[in-house]
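Every number in my numbering is 16 more than the matching position in the sequence shown, counting from 1. Glycine included, C-beta positions come from ideal geometry on N, C-alpha and C.
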Amino acid sequence: MNTSFKTAGIIIIGDEILSGKIQDNNAFFMAKELWSHGIQLCKISIIPDSIEEISEEVLSFSKKYDYVFTSGGIGPTHDDVTIEGISKAFNVKTVVNNTLKKHLEKKVGNPSVEQLKMAEVPEGAELIEDESISFPIIKFKNIYILPGIPELLRKKFIAIEKIFNEPLIFLRKIYIKESESEIAPFLKKILSKFDNIKIGSYPVMNIEDYSVIVTIESRDKEKLDEAFKELLDALKPKTIYKTE
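(1) So, using beta-carbon positions, are D82 and K22 closer together than 8 angstroms?
(2) From this set, I27, P64, P163 and F106, which residue's C-alpha is nearest P92's C-alpha?
(3) Give a yes or no on contact between the segment 100–107 and the segment 115–130, applying the rule of three or more CB pairs nearer than 8 angstroms.
(4) What are the boundary residues of the alpha helix (DSSP H) that R170 is part of?
(5) Residues bridged to L162 by DSSP?
(6) Between which two residues does the beta strand (DSSP E) harbouring F186 extend?
(7) From I215 to T115, what distance separates their C-alpha atoms?
(8) Give, in chain order, every unbroken run of the alpha helix (DSSP H) that is at least 4 residues long and sits entirely within the segment 178–244.
(9) Would you call L50 buried or exposed, if buried means 16 or more other Cβ atoms sit within 10 Å of its Cβ?
(10) I'd like the list of long-range same chain contacts for F244, defined as Cβ closer than 6 angstroms, with 5 residues on each side in sequence excluded.
(11) My assumption, with CB atoms under 8 angstroms, is that L169 sits in contact with N42. Please give the rounded CB distance.
(12) Under three-state DSSP, which class holds Y61?
(13) With a Cβ-Cβ cutoff of 8 angstroms, do V84 and A105 count as a contact?
(14) Helix or strand or just coil, what does DSSP make of V97?
(15) What's the gap between the Cα of G36 and the Cα of F210?
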């Protein structure tokens, strides 16, 4: 792992994900956004609605990564136990936050006991407010506690992206009509010559014009451009369908 750049971990919480009742789209969205901001996503974990499991995973992630993002388990029902799990992880109380309570009162008038669950936070948590969101984001230590509903998560995630200040990752793609085994020696040679670049090779099926997409990425644009040109020169021109 390259520790010179900020790292992140994502924890998706929900029995409904593990049972296949609901398809998770949140990890995919956050992974793309983190990559676009130069954050190295190191791990995605999917765990059940269990206080114990949430506690263990959050504590582990919080120690390993600069940013931790949880998704799900912060609603009003009995199986929404993310806040309790995080509180347990750090041995703090779960308390009602007055600011969140006021937000709820504006929305629903007199909140029920169940609705008040959505005003609970681990003691010591801070709130992040933004004009683009109607309900604040809960942050505890380096953990950003986000909803499981994709539309809400996306709004909140975009609202906090301003905290990211890492060098961008640059990306080039080559679409090649050749087998992976044929191009593998060229990729290996490029990797051995250039530091701080990553190369990915992704076969595709049932497309006539190309059979492999090769990606080259780096935070150093000059090195990326140099490696990209060298790989293009090494490949047979007739096998290159297009570049991006």
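From the atom records:
(1) For the purposes of this step, residue 82 is identified with residue 66 of the sequence shown, where counting begins at 1. For the purposes of this step, residue 22 is identified with residue 6 of the sequence shown, where counting begins at 1. Yes, the Cβ-Cβ distance between D82 and K22 is below 8 angstroms.
(2) The sequence position of residue 92 within the sequence shown is 76, counting from 1. Closest option to P92, Cα to Cα, is P163.
(3) Too few Cβ pairs lie closer than 8 angstroms, so no.
(4) Taking the sequence shown and counting its residues from 1, the one referred to as residue 170 is at position 154. Start and end: P166 to I176.
(5) Walking along the sequence shown from the start, residue 162 turns up at place 146. Secondary-structure assignment with DSSP links L162 through a beta bridge to S87.
(6) For the purposes of this step, residue 186 is identified with residue 170 of the sequence shown, where counting begins at 1. Following the DSSP letters along the chain, one finds F186 inside the beta strand (DSSP E) bounded by residues F186 to I192.
(7) By 1-based counting over the sequence shown, the position of residue 215 is 199. By 1-based counting over the sequence shown, the position of residue 115 is 99. Between I215 and T115, the alpha-carbon positions lie close to 47 angstroms from each other.
(8) If we require 4 residues or more, the alpha helix (DSSP H) runs fully inside the segment 178–244 come out as 196–209.
(9) Here the question's residue 50 lines up with position 34 in the sequence shown. Buried: at least 16 other Cβ atoms inside 10 Å.
(10) Position 228 of the sequence shown, counted from the start, is the residue given in the question as residue 244. Counting only Cβ-Cβ distances below 6 angstroms, and skipping sequence neighbours, we find R188 and I232.
(11) By 1-based counting over the sequence shown, the position of residue 169 is 153. By 1-based counting over the sequence shown, the position of residue 42 is 26. Indeed they touch by this definition, with Cβ atoms about 5 angstroms apart.
(12) Numbered from 1 along the sequence shown, position 45 holds the residue referred to as residue 61. Note on residue identity: the sequence assigns Ser, not Tyr, to residue 61. DSSP places S61 in the strand class (E or B) of the three-state scheme.
(13) In the sequence shown, residue 84 corresponds to position 68, counting from 1. In the sequence shown, residue 105 corresponds to position 89, counting from 1. No, the pair does not count as a contact, with Cβ atoms beyond the cut-off.
(14) Counting from one through the sequence shown, the residue named residue 97 turns up at place 81. Coil, per DSSP.
(15) For the purposes of this step, residue 36 is identified with residue 20 of the sequence shown, where counting begins at 1. For the purposes of this step, residue 210 is identified with residue 194 of the sequence shown, where counting begins at 1. When rounded, the distance between both Cα atoms is 42 angstroms.
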